[in-house]
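Enquirer:
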Amino acid sequence: MLLSYPSSLRIHHSAFRTLVMPELPEVETVARDLRPLLVGRTITAVTRSKLKLRNPWWPAGEKAYLIGQRVLAIHRRAKYLRVELTGGGCLLVHLGMTGQFTVVPASAPTETHTHFVFELDDGKQLRFRDARRFGSVELHASDTAAAATLDSQLGWEPNDIDPVEFTTGVRSSKRALKARLLDQTFVAGIGNIYADESLFRAKIHPETRGVKVSIAGCDVLRIAIQQVIAKAIESRGSTIRDYVGGSGLRGGFQHEFAVYGRTGEACVSCATTIQVIRVAGRSSHFCPKCQRKK
DNA sequence: CTGTAATCCTGCGAGC
DNA sequence: TGCTCGCAGGATTACA
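Offset between the first sequence (1-based) and this note's numbering: plus 1.
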């Protein structure tokens with residue numbers, strides 16, 4: 002269903018006041034920022050808010066377990082972060098839509114919606130803040146097991162897509178490609194922004210069915226995904242309002258959007274007016290001339 | 001197999 | 001000016 006022009010305009014204006022959910026490039030930026038601040042540090046105290054995050058899993062005695070643990074490494078898989086600890090366990094973190102995972106001086110004022118504070122041995126604090134609480138922070142007893150579970154539930158990292166299997170996977174599905182790109186069990190880490198940007202780069206309409214894409218088209222799409230993700234990581238992700246990296250710095254990729262949030266504006270390639278439709282329950286921005294439906 | 005929609009949640013702008 | 005309303009969406013689940 003195509004929204005009317007006034008509706009499109011309304012959505013366009015609302016797009017830039019909306020929080021941007023952290024997708025793979027944002028989470029990767031957080032991981033890179035956190036590593037120098039966190040690896041080698043020891044947790045000396047833990048405080049939690051009473052509010053429930055999405056699907057939190059914490060074994061009994063978590064504070065006793067955590068205190069004295071040193072951070073061995075920070076890993077990223079798709080949109081998940083694992084803070085690996087010396088005891089063999091890890092903190093498994095998902096930023097949801099509005100999550101912020103930062104290291105700040107202990108003297109920094111505690112902002113609203115701060116759900117976890119991990120005090121560190123250098124006088125700083127690792128904090129998890131999440132206004133909408135779509136994110137999660139879980140303590141797992143085994144980092145290896147947590148990593149294996151993620152691997153069993155998630156598809157390829159974008160930079161590690163198997164070209165042949167990707168092509169087969171795309172062409173064996175009747176689903177709209179937009180829905181397919183959001184499916185974390187196929188390619189993991191893509192969210193609404195980078196799905197739209199990848200489809201624009203590949204010149205594929207978001208509603209195009211996988212079966213309709215040529216073998217060459219699959220190659221174009223795979224490379225488009227990889228280039229969009231790589232460029233976004235270079236720009237430290239996209240900040241519209243709230244997303245920040247692990248050191249609190251904002252991203253810059255929002256200045257490079259070709260279609261996302263640009264409803265009613267001119268296509269960067271052909272100047273045709275960018276449109277928005279709903280696909281897979283998500284707003285999907287595209288150029289009707291560059292991305293013709295097949 | 002496919003899609004749709006509700007669920008969790010808060011912030012914010014539009015409109016009255 | 002202050003209220004209500006609708007919308008934004010990641011992951012999951014229920015249902016058509």
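All C-beta atoms, glycine included, are put in the ideal place defined by N, C-alpha and C.
Identify whether Leu38 lies in helix, strand or coil by the three-state DSSP scheme.
Expert: DSSP places Leu38 in helix when its eight states are reduced to three.
Enquirer: Near Arg11, what residues of its chain come up, given a Cβ to Cβ distance below 6 Å and the 5 sequence neighbours on each side ignored?
Expert: With a pLDDT of 27 at Arg11, under the threshold of 50, the predicted position of this residue should be treated as unreliable, and no value is reported.
Enquirer: Measure the C-alpha to C-alpha separation of Arg133 and Glu198 and round it to an integer number of angstroms.
Expert: Cα-Cα distance, rounded: 25 Å.
Enquirer: Determine the contact status of Gly252 and Thr103, defining contact as a CB-CB distance below 8 Å.
Expert: No; because the gap between Cβ atoms is not below 8 Å, this pair is not in contact.
Enquirer: For the pair the region 125–141 and the region 266–280, tell me if three or more CB-CB distances fall below 8 Å.
Expert: Output reads no: the region 266–280 does not touch the region 125–141.
Enquirer: Starting from Asp131 and walking both ways along the beta strand (DSSP E), at which residues does that stretch end?
Expert: That run of the beta strand (DSSP E) goes Lys125 to Asp131.
Enquirer: Please name the residue in Leu82, Ala149 and Asp184 whose C-alpha comes closest to that of Ser137.
Expert: Taking only the C-alpha atoms, the option nearest Ser137 is Leu82.
Enquirer: Below 8 Å, how does it come out for the region 175–186 and the region 256–265: are there three or more Cβ pairs, yes or no?
Expert: These segments do not touch.
Enquirer: Looking at the secondary structure, which residues open and close the beta strand (DSSP E) in which Ser285 lies?
Expert: Arg283 to Phe287 is the span of the beta strand (DSSP E), which, as asked, contains Ser285.
Enquirer: At the level of alpha carbons, what is the spacing between Ser248 and Leu39?
Expert: When rounded, the distance between both Cα atoms is 11 Å.
Enquirer: In chain order, what residues of the same chain lie with their CB nearer than 6 Å to the CB of Glu63, ignoring the 5 residues before and after it?
Expert: Excluding positions up to five away in sequence, the list reads Leu140.
Enquirer: To the nearest angstrom, report how far apart Ser143 and Thr45 are at their CA atoms.
Expert: Their Cα atoms are separated by approximately 20 Å.
Enquirer: Can you have a look at Ser108 and say buried or exposed, based on whether 16 or more other CB atoms are within 10 angstroms of its CB?
Expert: Its Cβ having fewer than 16 others within 10 Å, Ser108 is exposed.
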